Amino acid sequence: MDLGFKLSSNLDPGLHIEMACCKALRMLGIIMRLSKDLNLTSSLKVLYCSLVRPIIEYGAIVWDPHTADNACQVERVQRRFLRFTSFLLGIKSPPHDYSPVAIQLNLASLAERRRIMGSKFLNGLFDGSDDSPTLLSLINFKVPQRSTRSITLFHVPFCSTNYLLNEPLRRMMHNANLDPTFSFS
Numbered sequence: 529m530d531l532g533f534k535l536s537s538n539l540d541p542g543l544h545i546e547m548a549c550c551k552a553l554r555m556l557g558i559i560m561r562l563s564k565d566l567n568l569t570s571s572l573k574v575l576y577c578s579l580v581r582p583i584i585e586y587g588a589i590v591w592d593p594h595t596a597d598n599a600c601q602v603e604r605v606q607r608r609f610l611r612f613t614s615f616l617l618g619i620k621s622p623p624h625d626y627s628p629v630a631i632q633l634n635l636a637s638l639a640e641r642r643r644i645m646g647s648k649f650l651n652g653l654f655d656g657s658d659d660s661p662t663l664l665s666l667i668n669f670k671v672p673q674r675s676t677r678s679i680t681l682f683h684v685p686f687c688s689t690n691y692l693l694n695e696p697l698r699r700m701m702h703n704a705n706l707d708p709t710f711s712f713s
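Residue numbers for the sequence shown follow our numbering, so the first one is 529 and each next one is one higher.
Here it is as structure tokens:
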């Protein structure tokens, strides 16, 4: 374990995701037991965003889950908080769909937050706030030979395995190509 990351011998982040989810769910359980009498949306949201979400999001640029199983495991933490908040505040939502609660609390999904973190990290490499010439040299800009209508910014080479496809910089470049709002600012 280095810098709080627990990876297997093949660099699979599954162990870290499991460890982070267990720790976040324990913290969420404490919050749920202590805040049964709270009826303020802002108080519950502040507790969740300051005590639980940082546990789940620490180092997410490196270990962003790429399997459905790991992604569901991470999102389960936020769904549990939304279910508790829905019950406590009396917010009506269909069974197993907590999007109305998330909208009322103004909480984005954890997958969306990880995507935004990746874009911010990529922008940080370009504007110099994240000083890493080695990482910057690994970014492949797409320079077309002739004028085209293609708006892809980065060349993402073909990957024969999912592990290679989900390598952090490749994943961030791929997501930036898919995001029409991505800019170098």
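By construction, the Cβ of each residue, glycine as well, lies at the ideal position given by its N, Cα and C atoms.
Please read all numbers here as calculations on a predicted model, not as lab measurements.
Check	Outcome
Classification of GLY532 by the beta-carbon crowding that lies within 10 angstroms, buried from 16 upward	exposed
Alpha carbon of MET700 to alpha carbon of SER647, nearest angstrom	7 Å
Selected residue, minimal CA-CA separation from PRO582, among ARG642, PHE669, ALA704, HIS624	ARG642
Own chain partners of LEU653 with C-beta closer than 8 Å, once the 5 adjacent residues on each side are dropped	SER660, LEU663, LEU664, ILE667
Whether PHE615 touches LEU556 by CB criterion (7 Å)	no
ILE558 and ASN598 closer than 7 Å at C-beta	no
Entirely enclosed alpha helix (DSSP H) segments - the region 598-635, minimum 4 residues	627-633
Start-to-end residues for the alpha helix (DSSP H) that takes in TYR691	690-693
Residue range of the unbroken alpha helix (DSSP H) whose run includes LEU550	Leu is not the amino acid found at residue 550; the sequence shown has Cys there. Where CYS550 is concerned, the enclosing alpha helix (DSSP H) stretches over 542-562.
Assigned exposure category for LEU572 - 16 Cβ within 10 Å defines buried	buried
SER621 versus TYR691 - alpha carbon distance	37 Å
Buried or exposed (CB count within 10 angstroms, at least 16 for buried), ASP592	buried
Residue environment, GLN606, which counts as buried when at least 16 other CB atoms sit within 10 Å	buried
Contact set for ILE619: own chain, Cβ-Cβ below 8 Å, skip 5 residues either direction	THR613, PRO628, VAL629, GLN632
Assigned exposure category for ALA588 - 16 Cβ within 10 Å defines buried	buried
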